[in-house]
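Structure record follows, encoded as structure tokens.
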Amino acid sequence: MTLIYPVESNAAHAPRLSPGYKSTIKRAPQKQRILMPHTLSETTGPVYGHETVRPGDHDLTTMHAGEPLGERIIVHGTVMDEDGRGVPNTLVELWQANACGRYVHVWDQHPAPLDPNFTGAGRTVTDAAGNYKFVTIKPGAYPWGNHHNAWRPAHIHFSVFGHSFVSRLVTQMYFPNDPLFPFDPIFNSVTDEKARLRMVSDFDLDVTEPGWALAYRFNIVLRGRNATPTENH
Amino acid sequence: MPGITPSQTVGPFYAYGLTPNGKYAWNDAFTNNLLTPDVTGDKIRIEGVIYDGDGKVVPDAVLEIWQADAQGRFADPQDTRGLPNSSFKGFGRSGTTDAGEYSFDTIKPGAVPGHDGKPQAPHIVMAVFGRGMTMQSMTRIYFDDEAATASDAVMNLVPADRRATIIAKKTAPGVYRFDIHLQGDNETVFFDV
């Protein structure tokens, strides 16, 4: 099977210039992008499988001497292509704030406590069907300086590779029914509502573990379609 | 068809997750050094600074590169012409310093076929992520000491007066300079891929 990567699929993304998100004003390229045919440089991509992750790298709650504070959660889902096929053995990286909305990054000056038992970074590799699973802490909302009383909805950053360098995706996963959604220019930089809602995870009672942790399902759809689709069902 | 998941910015605080580099309690999956002990070819360093629309340096960008080995082979089984015979993976990631600087240590890539099957000039593809960037912008690094650069098919899609923005300039033996301008008269050429 040969995958193709129609550029039309990129219409789901936010415009590079999204003035409500002020930092885009001086950082969004302004000149016309050059349309070009894909070559092997675009349709191949880095292959990082199980050798890249260590046992336990998917569990952000067991990386330090004690357990982190906050609400333990399971975040899982399927990485798939545009035809709905799972993307197997692909690297998924994740980083996030702690339960108080504080990042360990040295630049984060939000006056909320750091948690000595939580770094907030993890990685895993999808299984043969494209499934992945993390155990972590539900991140808190946090303030930022974009505008008066600006707060980011709770989110988890995801970085996914997929089948090619043009399927590479960095995104943010949100939690259902967050009251901050209407006010967040980063979430709303994605102008298509259906596309925007694909960044919101679903609460998943089936995978929730009794007496232990709530679960959220976050499926990730990467670029890539079969070049020769079979007839319609 | 489900439709793809939209991109969101890497934000300002990616470093402990993506480029911890010994500064955080996390290990690096990748670094800006692509060299492996067994790799063959000309070792090179690519270095530069990334600038925003005010000409200020960007200290919170992430740059990723993907390239063939010196024989023009990608470390991906989807390149069915034959896999590299070394452990060179062809992928690197670099954050930027407070001065907006990045660098990669790698090898000069060989030529790989283009859309029409004809060899392309040696090049490296680069994805530019950053705070204030809703998604990555994709560019290519060509080399000023490769004769094939001028006749490259993709290069020739670029208006002539902008081509210099994607040609790395040799500044010392094995060292190339490739600055990135997100906006302005010298805005780097980005591709719609």
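In order, the protein sequence lines correspond to chains C and Y. Heads up: the first sequence runs through residues 1 to 233, numbered per full-length UniProt numbering. Heads up: the second sequence runs through residues 1 to 193, numbered per full-length UniProt numbering. No residue lacks a Cβ here, since even glycine has one placed at the ideal position from N, Cα and C.
ask   = What's the C-alpha gap between C:Y5 and C:G140?
value = Indexing the first sequence from 1 puts residue 5 of chain C at position 5. Indexing the first sequence from 1 puts residue 140 of chain C at position 140. C-alpha separation (whole angstroms): 36 Å.
Nearest-angstrom Cα distance between C:I220 and Y:D179? Residue mapping note: residue 220 of chain C aligns to position 220 of the first sequence, counting from 1. Residue mapping note: residue 179 of chain Y aligns to position 179 of the second sequence, counting from 1. When rounded, the distance between both Cα atoms is 33 Å.
Quiz prompt | Heavy atom of the ligand ATP within 8 Å of Y:R93 beta-carbon | solution = The ligand ATP is not part of the structure shown, which contains no ligands of any sort.
Nearest by alpha-carbon distance to Y:Q120: which of Y:N21, Y:S94, Y:L157, Y:A29 is it?
Here residue 120 of chain Y corresponds to residue number 120 of the second sequence, with the count starting at 1. The candidate whose alpha carbon is nearest that of Y:Q120 is Y:L157.
Could you compute how far the alpha carbon of C:L180 sits from the alpha carbon of C:P153?
As a working note, residue 180 of chain C is residue 180 in the first sequence. As a working note, residue 153 of chain C is residue 153 in the first sequence. For C:L180 and C:P153, the distance between alpha carbons rounds to 5 Å.
- request: Quick one: list the residues of chain C neighbouring Y:G114, beta-carbon separation under 7 Å, in chain order.
  value: Sequence index remark: in the second sequence, residue 114 of chain Y carries index 114 (1-based). Y:G114 reaches chain C at T39, counting residues in chain order whose Cβ is nearer than 7 Å.
If we ignore side chains and look at the alpha-carbon of each, how far apart do C:T90 and Y:G95 end up?
Here the question's residue 90 of chain C lines up with position 90 in the first sequence. Here the question's residue 95 of chain Y lines up with position 95 in the second sequence. Going from the Cα of C:T90 to the Cα of Y:G95 covers about 22 Å.
* From what residue to what residue does the alpha helix (DSSP H) around C:T43 run? -> Sequence index remark: in the first sequence, residue 43 of chain C carries index 43 (1-based). Residues 40-43.
Thinking just about the alpha-carbon of each residue, which of C:D115, C:H76, C:K22 is nearest to the one in C:M63? On the first sequence, residue 63 of chain C is found 63 positions in, with the first residue counted as 1. Of the listed residues, the one whose Cα sits closest to C:M63 is C:D115.
ask   = Assuming C:V79 and C:G130 make a contact with CB atoms under 8 Å, what is their CB distance in whole Å?
value = Here residue 79 of chain C corresponds to residue number 79 of the first sequence, with the count starting at 1. Here residue 130 of chain C corresponds to residue number 130 of the first sequence, with the count starting at 1. With 8 Å as the limit, C:V79 and C:G130 qualify as a contact, their Cβ atoms being about 5 Å apart.
Task: Proximity test, Cβ basis, 9 Å: Y:D54 and chain C - done: Translated into the one-based positions of the second sequence, residue 54 of chain Y becomes position 54. Chain C contact via Cβ: present.
- Item | Proximal residues of chain C, C-beta to C-beta of Y:L18 below 8 Å | Position 18 of the second sequence, counting from 1, holds the residue named residue 18 of chain Y. By Cβ distance, chain C contributes E93, W95, S159.
message: Any C-beta of chain Y within less than 7 Å: which residues of the stretch 206-220 of chain C qualify?
response: I220
With DSSP run on the structure shown, which of helix, strand or coil describes C:E193?
Residue mapping note: residue 193 of chain C aligns to position 193 of the first sequence, counting from 1. Three-state result, C:E193: helix.
At the level of alpha carbons, what is the spacing between C:L94 and C:H76? Residue mapping note: residue 94 of chain C aligns to position 94 of the first sequence, counting from 1. Residue mapping note: residue 76 of chain C aligns to position 76 of the first sequence, counting from 1. The alpha-carbon of C:L94 is positioned some 12 Å away from that of C:H76.
_I need the DSSP call for C:S23, collapsed to helix, strand or coil._
By one-based count along the first sequence, residue 23 of chain C stands at place 23. It is helical.
Only counting the same chain, and skipping five residues up and downstream in sequence, which positions put a Cβ closer than 8 Å to that of Y:A153?
The residue labelled residue 153 of chain Y in the question sits at position 153 within the second sequence. Cβ neighbours of Y:A153 beyond the five flanking positions: G114, H115, D116, K118, Q120.
Own chain, CB closer than 6 Å to C:A150, minus 5 neighbours either side, in chain order: For this step, residue 150 of chain C is matched to residue 150 along the first sequence. So the qualifying residues of the chain are W144.
Q. Looking only at DSSP bridge pairs, what is Y:H181 linked to?
A. Position 181 of the second sequence, counted from the first residue, corresponds to residue 181 of chain Y. Its beta-bridge partners are Y:Y51.
Going along chain D, which residues have a C-beta under 7 Å from Y:Y24? Although the question refers to chain D, the structure presented lacks it and instead comprises the protein chains C and Y.
- Where C:F203 and C:A28 are concerned, what is the direct C-alpha to C-alpha distance, given to the nearest angstrom? Counting from 1 along the first sequence, the entry for residue 203 of chain C is found at position 203. Counting from 1 along the first sequence, the entry for residue 28 of chain C is found at position 28. One C-alpha to the other measures close to 34 Å.
ask   = Exposed or buried, which one is Y:P84 when buried takes at least 16 other CB atoms within 10 Å?
value = Position 84 of the second sequence, counted from the first residue, corresponds to residue 84 of chain Y. Flag for Y:P84 reads buried.
- Round the Cβ separation of Y:V58 and Y:T19 to the nearest angstrom and send it over; I've been treating them as touching at under 8 Å. What you label residue 58 of chain Y is simply residue 58 of the second sequence in a count that begins at 1. What you label residue 19 of chain Y is simply residue 19 of the second sequence in a count that begins at 1. No, Y:V58 and Y:T19 are not in contact; Cβ-Cβ is about 14 Å, not under 8 Å.
With distances taken from CA atoms, which of Y:D161, Y:T171, Y:P6, Y:M155 is nearest Y:A191? The residue you call residue 191 of chain Y lines up with position 191 of the second sequence. Looking at the sequence provided, one finds Phe at residue 191 of chain Y rather than Ala. Checked all of Y:D161, Y:T171, Y:P6, Y:M155; the closest Cα to Y:F191 is Y:M155.
**Request:** Identify, in the order they occur along the chain, each residue of the same chain with its Cβ nearer than 6 Å to the Cβ of Y:E101, setting aside the five sequence neighbours on each side.
**Result:** Taking the second sequence and counting its residues from 1, the one referred to as residue 101 of chain Y is at position 101. Within the same chain, Y:E101 has close Cβ partners V49.
Could you name the residues of chain Y that C:T126 contacts, counting a contact when the two beta carbons are closer than 7 Å?
Taking the first sequence and counting its residues from 1, the one referred to as residue 126 of chain C is at position 126. None at all; the shortest Cβ gap to chain Y is about 14 Å.
Against chain Y, does C:E231 count as a neighbour if the rule is that its beta carbon must be under 9 Å from one of theirs? Translated into the one-based positions of the first sequence, residue 231 of chain C becomes position 231. Residue placement at C:E231 is flagged as unreliable, the pLDDT there being 48, under the threshold of 50; the coordinate-derived value follows with that caveat. Chain Y contact via Cβ: absent.
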